[in-house]
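Undergrad:
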Amino acid sequence: MVTLIAEDLLLLLLDDESGKLTGTSYPQPALGGALLIELALSGAVEVGDKTSVWRTAKVRAVPEQPPEDPILRAAYDVVAEKERSAQDLVDRLGKGVRDRLADQLVERGILERRDDKVLGLFPRTRWPAVDSTHEDGVRRALTGALVQGQDPDERTAAIVALLHALDKAHKVVDHDGISSKQVRARAKEISEGAWAAKAVRDAINAAVAAMTAAVAASTAATTAATS
């Protein structure tokens, strides 16, 4: 089954039984970053050169390279509107995409959509797992890379980079006797490794840096609000 990297990331962050997001409270930049990385891997976008130390390099769409998947195509169209920074794009691309990705996974028979109300008043949607076969395969590939020291393929390495940016790599695999610190270190090693061409790496690095900044900002805002 062919899925988007963003779909795989969402599956990893959803609790299979409850259908709740358990891995992050800030899915928008994470899923937006996943879409941006997939566009880079497919050659649909590229990062321009920095014109000065004060300016952020801009991401631009590659003409005549629109993807077929409707969610990915919508993301491509946003990038194609004009050149923007990766930090701008991860929020734009991630806006509202969680529900679209989940509904697409429902159509694939992987998740089930459940709508209810909290206290009988507030609408809530959850997506418990129906068929975990694909997700189990993703976790096996991640375990091979993060725990068993195997060289990941490009797609698995991209998911590791996303999980590393969220500091969740150690949460999605069985450690098999090694520590969380060791899994984190391996995730960092893979994330920074030379597993993609330079043009793709530039886009991935920009997306991961933008995700990290967005997550840090969200965490700081939450801390300030509760202190």
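The numbering of the sequence shown is full-length UniProt numbering, which starts it at 1 and goes up by one. Glycine residues also receive a C-beta, built at the ideal position from the N, C-alpha and C atoms.
A158 to A187, Cα distance in whole Å?
TA: 10 Å
Undergrad: Buried or exposed for E17, please, with buried defined as at least 16 other CB atoms from any protein chain shown within 10 angstroms of its CB.
TA: exposed
Undergrad: Based on Cα-Cα distance, which residue from A161, S180, E154, R140 lies nearest to L41?
TA: E154
Undergrad: Determine the burial state of A194: buried for a count of at least 16 other Cβ atoms within 10 Å of its Cβ, exposed for fewer.
TA: exposed
Undergrad: By Cβ distance below 8 Å, which residues in the same chain neighbour G149 in space, the five residues on each side in sequence not counted?
TA: R186
Undergrad: Can you check whether the CB of A6 is closer than 8 Å to the CB of E38?
TA: A distance below 8 Å separates the beta carbons of E38 and A6.
Undergrad: Using the rule of at least 16 other Cβ atoms within 10 Å of the residue's Cβ for burial, across every protein chain shown, is E64 buried or exposed?
TA: exposed
Undergrad: Let me know the beta strand (DSSP E) ranges lying completely inside the region 12 to 69, each 3 residues or longer, listed in chain order.
TA: 45 to 47, 58 to 61
Undergrad: Can you tell me the Cβ-Cβ gap for V59 and A199, rounded? I've got them flagged as a contact below 8 Å.
TA: No, V59 and A199 are not in contact; Cβ-Cβ is about 12 Å, not under 8 Å.
Undergrad: Suppose contacts are defined by Cβ-Cβ distances below 8 Å. Is L31 in contact with R113 by that definition?
TA: no
Undergrad: Within the same chain, show all residues whose beta-carbon is closer than 7 Å to that of E192, passing over the 5 residues directly before and after it, in chain order.
TA: So no residue of the chain qualifies.
Undergrad: In angstroms with no decimal places, state the Cα-to-Cα distance between residue 259 and L72.
TA: The structure shown does not extend to residue 259, since the chain spans only 1 to 227, so no value can be given for it.
Undergrad: Verify whether the separation of the beta carbon atoms of A44 and P67 is less than 8 Å.
TA: yes
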